[in-house]
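Everything in the sequence shown is counted per the numbering used here, starting at 3 for the first residue and increasing by one.
Heads up, the beta-carbon is just placed ideally off N, CA and C, and yes, glycines get one too.
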Amino acid sequence: MNAPLPVEKSKPPTLIDPISVRIAVAVTMTGLSRSRLYELIKSGELEIVKDRSSTLIMVASLREAIERRRSR
């Protein structure tokens with residue numbers, strides 16, 4: 003008689019902190035409006051990466067911008 007094979011328990015997925023996010027995600031993360039994010043990008047306060055037509059905001063610069071406002 004064959005013994006049943008052990009059932010492998012699935013592990014929860016590992017969460018990875020993103021290094022960049024799209025504008026819509028940055029809006030959700032910060033509560034800032036799209037237009038305000040674009041103002042911060044234009045002023046150079048937020049670091050971005052362009053990939054074809056996509057604009058990605060570097061999460062580190064997003065956190066820094068929020069932290070600067072927090073200490074005001």
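query, result
"Burial state of I50 (16 or more Cβ within 10 Å)", "buried"
"Helix, strand or coil at I18 [DSSP, three-state]", "coil"
"Candidates P15, S12, R24: closest to R54 by CA position", "R24"
"E41 versus A67, K11, I18, residue with shortest Cα-Cα distance", "A67"
"Whole-number beta carbon distance between L39 and V27, since they are thought to touch under 8 Å", "Wrong, their Cβ atoms sit about 11 Å apart, outside the cutoff."
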